[in-house]
Structure formats: structure tokens, C-alpha cells
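Working notes, structure below.
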Ligand SMILES: NC(=O)c1ccc[n+]([C@@H]2O[C@H](COP(=O)([O-])OP(=O)(O)OC[C@H]3O[C@@H](n4cnc5c(N)ncnc54)[C@H](O)[C@@H]3O)[C@@H](O)[C@H]2O)c1
Ligand SMILES: [Fe+2]
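Structure representation (C-alpha cells):
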């Protein structure tokens with residue numbers, strides 16, 4: 001079957017690379033003023049100052065917008081874009097987790113565009129060019145540094161995606177030193193988000209292809225073999241590097257073979273209850289996998305042998321072992337496993353199911369069709 005595969009043209013994977021961004025910029029672009037897009041948590045972790053100082057020393061006149069919030073709202077994106085425009089920025093650097101990188105993508109577009117933000121939702125709606133864009137992740141999770149996707153939270157608390165080729169960055173920089181102080185809880189939850197990207201890309205219904213499959217398998221392997229070490233000892237730079245690599249490979253996979261029902265059911269939890277994205281995914285993960293089992297058994301069996309290479313048995317046994325292994329991992333990493341633990345009650349479930357059904361862009365990729373009743377049943381199991 002024919003397929004297309006697209007990714008970011010330059011990926012730099014090197015310890016300390018974040019303080020050498022000026023070299024990358026000078027050798028590739030003609031930029032005079034760089035806007036760093038980040039959030040207060042990344043500033044508090046001490047990650048922004050050294051990057052800013054190195055850019056200043058290289059004459060790139062950096063300005064810093066640190067007002068990004070988790071699950072960025074349209075308003076934050078517009079504020080960040082006004083800030084970059086007012087400062088005459090000609091190069092945008094996203095420095096942070098998915099929230100900062102997604103905001104940076106939209107800033108790079110909005111600085112060049114007359115299109116209103118609301119016209120950009122959906123697939124392929126962005127017209128024209130953007131400013132130069134460099135993405136530097138400080139979590140090992142979303143893979144946003146290599147995806148053409150920005151997820152924004154709208155006024156009605158729905159989380160919606162803008163997906164356009166222009167959102168692929170010019171450069172993605174993986175510097176494990178930036179993730180050494182990521183708290184264990186964030187390490188666990190963002191790491192599971194990355195694992196979900198690999199799993200959903202591998203079972204995606206329409207655009208799954210040999211390249212995304214290879215990337216998803218290797219992503220899952222890197223993440224599985226490093227997540228417990230990174231969680232137990234944040235300073236383990238080899239584990240941190242493996243996590244960043246795994247999250248990026250998963251990002252490349254799902255940028256081309258998109259995620260599905262786990263994300264569709266997770267987004268309303270994040271949008272309506274402000275539950276972090278990785279945790280939202282983890283809460284519904286085993287229930288969606290079990291729901292998908294009749295259609296995805298053979299693929300889950302293949303993924304089981306990535307985690308447990310010597311596993312034997314039928315596809316059915318392997319697929320069940322895969323789901324159980326993911327559930328055990330989340331437990332081992334101390335991730336809550338009930339919706340009630342994040343303040344969601346039985347009465348909230350119909351609203352969540354209704355909102356999940358709006359995620360048609362994602363649900364269409366799921367190996368098994370999901371109805372409103374199915375979504376409600378999955379949330380009930382997760383309660
Ligand atoms: N664009 C995509 O392809 C894509 C894919 C999946 C998810 N997302 C979106 O990304 C967002 C989630 O991103 P995320 O999970 O990376 O979290 P995040 O960017 O919201 O950050 C979570 C928290 O971690 C803190 N933090 C980040 N790096 C840190 C570090 N190194 N040390 C200490 N604290 C640090 C931040 O300050 C913040 O408080 C959601 O909005 C989600 O919808 C986007
Ligand atoms: Fe995700």
C-alpha cells in the first residue's frame with residue numbers, strides 16, 4: 001500500500017545542545033531576534049537563563065515569553081504571538097513541554113498570518129509560511145518537537161488540534177540535561193503519554209506504514225527500558241536520553257500514523273478537569289486497550305514481544321499480557337488508576353462521553369469503532 005512519511009529535517013541529539021542553539025541558528029538562518037516561548041515552571045527549574053544567556057552572547061537579542069500554561073488556551077497563544085510580534089522576533093524557540101512547544105508553533109504561524117486562530121483547527125487549514133522554528137523539549141512525552149500538531153484548549157474547555165505541515169519545526173533539539181530535574185511524577189506521566197503515542201500509532205487504522213511501525217516499536221522499546229530508571233533516579237542521564245529519544249521517535253510515528261481512542265477519551269478529562277495530559281491518557285489506557293482487543297489482538301501481541309522478548313503463547317495470550325504489563329507499569333510508577341482519584345464522579349461521565357465523541361479526527365483512527373455508549377462504558381470501567 002502507498003503511504004507518505006514526513007518529519008522535521010534536522011534533529012540534534014546531544015547533551016548540552018540547548019546552550020549551543022546560536023551555532024545552529026547562525027549556520028542555518030539569518031535571524032536577528034529570537035523569542036523563547038516557555039512557562040513559569042521551566043523558568044523555575046533554571047532551564048531558561050542559560051539558554052537565554054548563550055543566545056545573548058551570540059548577538060541574537062533573545063526575548064522571553066514565560067506565560068504559557070499547561071493545556072494552553074487560545075488566549076495565551078494570542079498573547080504570546082502579540083509579544084513576539086511587538087518585539088520584532090524573526091525566530092521562535094519553543095523551550096518546555098508540549099504546552100510550550102505547541103504555543104511556539106502557533107506563534108511562529110500567527111506572526112506571519114492574517115488568518116484568525118479559529119480558522120486553523122482541523123487538518124491542513126494553515127496557509128502560507130511561518131517564522132523559523134526550533135523546538136527544545138524539557139519533558140520526554142509529547143513528541144511535539146517532531147509533530148505538525150498543536151493542541152489548544154478552547155473557551156468551552158474542549159481540546160482541539162491544529163494539524164498542518166507548516167507546524168513541523170525546522171530543528172528539534174534533544175538535550176537530556178534539560179530533563180534531569182523533571183519531578184518523578186511528571187517523568188512517569190509524560191513517559192506513559194509517549195508510550196501511548198507509540199501504541200496508538202502502531203494500531204492506527206488508516207495511515208499506519210512500515211516506517212511508522214518501525215519507529216513505534218523502537219520508541220516503545222526505548223521508553224519501556226528507561227522509564228523506571230528515569231523515574232527512580234532523575235539524574236540518570238543515560239535513562240533521560242533514552243526517554244527523550246523514545247518520545248521523539250513516538251512523535252515521528254504518530255505524526256504520520258495518528259493516535260486514536262485513548263487520546264480521544266483523554267482530552268475531555270484534561271480539558272474539563274485540568275488533569276495533566278499523560279495522566280489523562282493513563283487513566284483510560286487499559287480500558288481502551290481491552291475494548292480494542294477484538295480488532296487489535298495481533299498488533300498488541302507484536303508489541304508485547306517488544307516489552308517481553310521471550311514471551312510465548314498465542315496472540316490472544318500475548319495481547320492480554322501486553323495490556324497487563326502496561327497496567328502494572330503504571331501501578332509501579334505510582335500513577336493513579338481511577339477517575340475518582342482526580343475528582344471525577346459518576347455524574348460527570350455522560351458529559352465526558354459526549355465530549356469524547358467530538359474528537360472525530362482521532363476516533364476515526366481507532367482499530368474498533370467507538371460509539372457514545374462504548375465511550376460511556378469505558379469511562380465507567382475507569383471510574
Ligand atoms: N503537539 C503534539 O503533538 C502533542 C502531543 C501530545 C500532547 N500534546 C499537548 O502537550 C501538552 C502537554 O505537554 P507536557 O505533558 O509536556 O506538559 P506541559 O508542557 O504542560 O508541562 C507540564 C509541567 O511540567 C513542567 N516542566 C516541564 N519541563 C520541566 C522540567 N524539565 N523540569 C521541571 N518542570 C518541568 C512545566 O512547567 C509544567 O508545569 C498538552 O496540552 C497536550 O495536549 C501535544
Ligand atoms: Fe499525547
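Numbering (full-length UniProt numbering), first residue to last: 1 to 383.
Ideal placement from N, C-alpha and C gives every residue a C-beta, glycine not left out.
Predicted model, so just to flag it, every value in this text is computed and none were measured.
- Residue pairing by DSSP places residue 153 opposite 73 and 159 in a beta bridge.
- If the five residues before and after residue 258 are omitted, its C-beta is found closer than 6 angstroms to the C-beta atoms of 204 and 365, all from its own chain and listed in chain order.
- Spanning the alpha carbons of residue 157 and residue 106 requires a straight line of approximately 19 angstroms.
- Here residue 316 has 297 as same chain residues with Cβ atoms under 7 angstroms from its own Cβ, once five neighbours each way along the sequence are excluded.
- For residue 48, the CB stays at least 7 angstroms from every heavy atom of ligand 2.
- At a cut-off of 7 angstroms, the beta-carbon of residue 42 counts as near ligand 1: some heavy atom of the ligand is closer than that.
- Around residue 70, the same chain offers 99 as residues with beta carbons nearer than 6 angstroms, after the five sequence neighbours per side are excluded.
- Bounds of any beta strand (DSSP E) do not take in residue 311, whose DSSP letter is neither H nor E.
- Residue 321 is a Cβ neighbour of residue 308, given a cutoff of 8 angstroms.
- Residue burial annotation: residue 312 is exposed, with fewer than 16 other C-beta atoms found within 10 angstroms of its C-beta.
- Inter-residue distance for residue 144 and residue 138 is about 11 angstroms (C-alpha atoms, whole angstroms).
- Shortest gap from the CB of residue 142 to any heavy atom of ligand 2: under 7 angstroms.
- For the set 305, 277, 104 and 233, the Cα lying nearest the Cα of residue 218 is the one of 305.
- Within the region 80-128, the complete beta strand (DSSP E) segments of 3 residues or longer fall at 91-96, listed in chain order.
- Spanning the alpha carbons of residue 59 and residue 210 requires a straight line of approximately 44 angstroms.
- Each residue's CA atom was taken as its position, placing residue 287 and residue 378 some 6 angstroms apart.
- For residue 175, the number of other beta carbons within 10 angstroms of its own is at least 16, and it is reported as buried.
- For residue 250, the uninterrupted alpha helix (DSSP H) segment begins and ends at 237-256.
- If you draw a straight line from the Cα of residue 65 to the Cα of residue 80, it comes to about 6 angstroms.
- Listed as beta-bridge partners of residue 275 by DSSP are no residues whatsoever.
- The shortest CA-to-CA distance from residue 89 to any of 61, 113 and 77 is the one to 61.
- In the structure shown, residue 339 falls within a helical segment according to DSSP collapsed to helix, strand and coil.
- By alpha-carbon distance to residue 87, the top candidate from 77, 111 and 94 is 111.
- Between ligand 2 and the CB of residue 71, the shortest heavy atom gap is not smaller than 7 angstroms.
- A distance of 8 angstroms or more separates the beta carbons of residue 130 and residue 165.
- Between residue 53 and residue 22, the C-beta gap is not smaller than 8 angstroms, which leaves the two residues out of contact.
- In this structure, residue 37 places its C-beta atom within 8 angstroms of the C-beta atom of residue 93.
- Cβ-Cβ separation between residue 294 and residue 368: approximately 7 angstroms, consistent with a contact (criterion under 8 angstroms).
- In the three-state reduction of the DSSP assignment, residue 148 falls in the coil class.
- Of the heavy atoms belonging to ligand 2, at least one sits nearer than 7 angstroms to the Cβ of residue 281.
- A Cβ-Cβ separation of about 7 angstroms places residue 7 in contact with residue 255 under the 8 angstroms criterion.
- Placement of the Cβ of residue 193 at a distance of less than 7 angstroms from at least one heavy atom of ligand 2 is found.
- Looking at the DSSP output, residue 12 bridges to 173.
- Cα atoms of residue 14 and residue 240: separation of roughly 12 angstroms, rounded to the nearest angstrom.
- Distances from the CB of residue 136 to the heavy atoms of ligand 2 are all 7 angstroms or more.
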